[in-house]
Amino acid sequence: MVFFAVLTLLLLIPGLSEARLSSEDAKAVWSRVAKATELTDLPFTVKQETIPNAWVANGSSVTVTTGLLELLDTQAELYGVLSHEAGHAKLNHYENTVKRGVGLSVAAALFGKLFGGGIAETAAGVGANLAYAGWSREQEVEADDYSVHLAHKMGENPVGLYSALLKLSKSGKRGEPSGFNSHPPDERRLLHLRNEILSLNPKAKFPDGSEKGAVQQPQSHSVGEPENTTAQKGGYDIDAAIERMKKEEAAKAKAEEQNS
Numbered sequence: 008m009v010f011f012a013v014l015t016l017l018l019l020i021p022g023l024s025e026a027r028l029s030s031e032d033a034k035a036v037w038s039r040v041a042k043a044t045e046l047t048d049l050p051f052t053v054k055q056e057t058i059p060n061a062w063v064a065n066g067s068s069v070t071v072t073t074g075l076l077e078l079l080d081t082q083a084e085l086y087g088v089l090s091h092e093a094g095h096a097k098l099n100h101y102e103n104t105v106k107r108g109v110g111l112s113v114a115a116a117l118f119g120k121l122f123g124g125g126i127a128e129t130a131a132g133v134g135a136n137l138a139y140a141g142w143s144r145e146q147e148v149e150a151d152d153y154s155v156h157l158a159h160k161m162g163e164n165p166v167g168l169y170s171a172l173l174k175l176s177k178s179g180k181r182g183e184p185s186g187f188n189s190h191p192p193d194e195r196r197l198l199h200l201r202n203e204i205l206s207l208n209p210k211a212k213f214p215d216g217s218e219k220g221a222v223q224q225p226q227s228h229s230v231g232e233p234e235n236t237t238a239q240k241g242g243y244d245i246d247a248a249i250e251r252m253k254k255e256e257a258a259k260a261k262a263e264e265q266n267s
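Under the numbering used here, read the sequence shown as residues 8 to 267, first letter to last.
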């Protein structure tokens, strides 16, 4: 009798009755993402680690930590994260990062001949560690766009990625600068992501209520097609992405000035 009373009390405590995502949930969600992206050959692993993170290694395997499963609450959030990682693989980010690293190493050799070893060693170090240090900010934006467009196309909830990034930001848990945890979701990234989701679904609701008074970006692209991008076609205009983010910042600043 006492046991059941205690059990009932525990179930009534907020948060304790909510089941966290399990390893089986993660495998099931990845199965959906892999099928949608034709990445079924990529090995998928759940790693016992407290830091919330997920990453695609060398474009050939996907890993998610138990820390991330503990942080997230819904399969929609996990779908957003894993499709973000799938985007890195589909858009050849690893190969592009390696090429940039090789380019810096070649430049280091030239600098060494022209100006001596100090600058050369610095450049070589950057080149050697570039892939490990995480994706560029532009690559993260590209993977974000890929994720929300894939979720929308497959009938999943694209707000899941936004919610996951928001939770990661609020958690303050940071690990090595690699994988999903490499670039913290700053306000500009979240603004871009929110507007991208609203361009697909103007009625989307966000966990922080940020759809109210949102700065909408121009609907110059066709429905379902990323503005100035070809993310679903395997390419991405980085310069256009940067320009769009600048416009978003300017629009936000103007809106804040008008509201003040």
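Note that beta-carbon positions come from the ideal geometry of N, C-alpha and C, so glycine has one too.
Looking at the DSSP output, A96 bridges to nothing.
For the set E149, R144, D215, the Cα lying nearest the Cα of A171 is the one of D215. Here the C-alpha atom of L200 lies approximately 22 Å from the C-alpha atom of V71. From the listed residues G162, P209, D151, Y86, the smallest Cα separation to V36 is found for Y86. If you draw a 10 Å sphere on the C-beta of D151, you find 16 or more other C-beta atoms in it, and that means buried.
In this structure the stretch 81-99 lies against the stretch 36-50, because at least three pairs of beta carbons, one per stretch, are closer than 8 Å. With fewer than 16 neighbouring CB atoms inside 10 Å of its own CB, Q55 falls in the exposed class. Between the alpha carbons of E84 and K261 lies a distance of about 31 Å. Between L28 and L89, the C-beta gap is not smaller than 8 Å, which leaves the two residues out of contact.
Rounded to whole angstroms, the gap between the alpha carbons of A258 and E31 is 43 Å. The residues Y101, in chain order, have a CB closer than 8 Å to that of N65 in the same chain once the five nearest residues on each side in sequence are set aside. A residue is called buried once 16 or more other Cβ atoms fall within 10 Å of its Cβ, and P50, having fewer, is exposed.
Burial state of Q146 is buried, judged by a 10 Å Cβ sphere holding 16 or more other Cβ atoms.
Residues of the same chain with a CB within less than 7 Å of the CB of V63, apart from the 5 flanking positions on each side, are V69, E92, H95, A96 in chain order. In this chain, T47 is not harboured by any alpha helix (DSSP H), its DSSP state being neither H nor E.
In the DSSP secondary-structure assignment, K54 is bridged to T72. Closest by C-alpha distance to L79, out of I204, K177, N202, is K177. The three-state secondary structure of A64, taken from DSSP, is strand. Closest in alpha carbon position to N208, among G162, D193, V40, L197, is G162.
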